[in-house]
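In the working numbering, the protein residues as written are 687 to 1128. Okay, structure first, notes after.
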């Protein structure tokens, strides 16, 4: 009896994926736990393994399509090509298609099925319920450990509007969160659809113009959705500052050879990260999140830094955890590793979650000041611009110095401009006098 394998719940609130590449073809034999398809979530690329062995009878979706969780991916029969006639596997496929598909709950939910394993590690198993129950709210464990009941469409809307479902008391069956609960918790703007860009009037293009239409997919689509959500739920303000990093540049140049001898390439970014972490200790309201449901600012005692990385697929933000426990040498190594994994799309979803503050070093690509968008639920992001030789007053004399511009965007609900300016001033002190790292390091 053919078995219909549905897209499992990949966790982290993911309601749909983009099908990047089939790893099997119709007529192939597949082993249990063998990856059958490569999908792209908001940030990561994941190989989805088959829960059963058998013959691939039908691939239900095409590469490039968006597939919701719970949709049928592939039909697998119990037979093998070898068991068919000389016309196998085509005959085996035809025979399998003539049989009723497996729909009973006992068959869909084997009691002790082993966990699926993909390139990002162990994947959460989906509860593959009968097709007629797909629309029922499904429980899902949130990051804080609480089970939340909500349909995929409700989860999708909540994510687009930046709403944490754990903050809502559901009024649906078994306490599930309904669309009405979402609307009561955070009313949408009147007349505004979920996708911010969709609220604009239809684009008018002159029939005589030559254009190319490029669908927003994968990381680009995820980035667009996240920045719109961030702008909706934060009160963003940007302030700027400049730092003379001439002495820091001399230090970096002096230690570069030593670092290369230990297998590390030393850039400015580890110093920037360390300066920010030290400054945050005195300005905790910038290393925080806001819980809207209780009007509470949550001050975070550990320092997990999101680092914006430019990749061929778009902007990704892996997270370096426990920056306060790591040296410049450690940070240089971790930056290299995470950047490589982000560019190669082998990074795990878990490695891009849980930041408390975000740093972006767009100066590597040019540009000075900017208005970086907060990586919600952080309340602040600091961007470093292009380092340039400039005429600068140093010890009462005009001299050529290396100057880096900085742009801090912060959520005005968490703190105010005075605190943000003092924080930036503290970052400047660390960057202009790198010896402070030794005095203040624990």
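Beta carbons: idealized from backbone N, C-alpha and C, even for Gly.
query, result
"N- and C-terminal bounds of the beta strand (DSSP E) containing residue 964", "It is not in any beta strand (DSSP E) - residue 964 instead sits in the alpha helix (DSSP H) that spans 955-968."
"Cβ pair count under 8 Å reaching 3, the stretch 1060-1079 against the stretch 957-976", "yes"
"Presumed contact (8 Å Cβ cut-off) between residue 951 and residue 945, rounded CB distance", "7 Å"
"Unbroken alpha helix (DSSP H) run spanning residue 1055, endpoints", "Where residue 1055 is concerned, there is no enclosing alpha helix (DSSP H), given that its DSSP letter is neither H nor E."
"Residues bridged to residue 927 (per DSSP)", "1092"
"Residues that residue 996 bridges to, as DSSP identifies them", "1001"
"For residue 999 and residue 1083, the rounded distance between their alpha carbons", "46 Å"
"For residue 923 and residue 757, the rounded distance between their alpha carbons", "42 Å"
"Cβ neighbours of residue 956 in the same chain (closer than 7 Å, five flanking residues each side left out)", "1014, 1017, 1018 and 1021"
"Assigned secondary structure, residue 971 (DSSP; H/G/I helix, E/B strand, else coil)", "helix"
"Integer-rounded CB distance, given that residue 930 should sit under 8 Å from residue 708", "That pair is no contact at about 55 Å."
"Test item: CB-CB of residue 961 and residue 1117 under 9 Å", "yes"
"Nearest-angstrom Cβ-Cβ length linking residue 1104 and residue 1068, presumed shorter than 8 Å", "Contact flag wrong, Cβ pair sits at about 17 Å."
"Residue 1055 to residue 849 span [Cα, whole Å]", "30 Å"
"DSSP three-state assignment for residue 891, whether helix, strand or coil", "coil"
"Nearest-angstrom Cα separation, counted from residue 704 out to residue 898", "21 Å"
"Straight-line Cα distance separating residue 740 from residue 967", "57 Å"
"From 958, 1035 and 712, residue whose alpha carbon lies closest to that of residue 1123", "958"
"Where residue 981 falls, given that 16 or more other Cβ within 10 Å makes a residue buried", "exposed"
"Cross-strand partners of residue 1083 (DSSP beta bridge)", "1080"
"For residue 712, three-class secondary structure by DSSP", "coil"
"Same chain only: Cβ atoms within 8 Å of residue 711, ignoring 5 sequence neighbours per side", "742 and 745"
"Beta-carbon proximity list for residue 1037, same chain, < 8 Å, skipping 5 on both sides", "1004, 1005, 1024 and 1027"
"Residue 835 beta carbon less than 9 Å from that of residue 857", "no"
"Alpha helix (DSSP H) segment containing residue 1153, residue limits", "Absent from the structure is residue 1153, since the part of the chain shown begins at 687 and ends at 1128."
"Beta-carbon separation (whole angstroms), residue 733 vs residue 724, contact threshold 8 Å", "5 Å"
"Residue 868 CB to nearest heavy atom of the ligand COA below 8 Å", "For the ligand COA, the structure offers nothing, since it holds no ligand at all."
"Top-ranked residue by Cα proximity to residue 1100, from 934, 1002 and 969", "969"
"Where residue 806 falls: helix, strand or coil (DSSP)", "Unreliable positioning characterises residue 806 in this predicted model, as indicated by a pLDDT of 32, which lies under 50. A coordinate reading is not provided."
"Extent of the continuous beta strand (DSSP E) to which residue 1044 belongs", "1043-1046"
"Local Cβ density within 10 Å of residue 900, reported as buried at 16 or more and exposed below that", "exposed"
"Backbone secondary structure at residue 1112 - three-state DSSP", "helix"
"Alpha-carbon spacing of residue 1035 relative to residue 700, whole angstroms", "11 Å"
"6 Å Cβ shell around residue 1080 - same chain, five flanking residues per side excluded", "1087"
"For residue 736, the three-state DSSP class (helix, strand or coil)", "coil"
"Delimiting residues of the beta strand (DSSP E) encompassing residue 753", "752-754"
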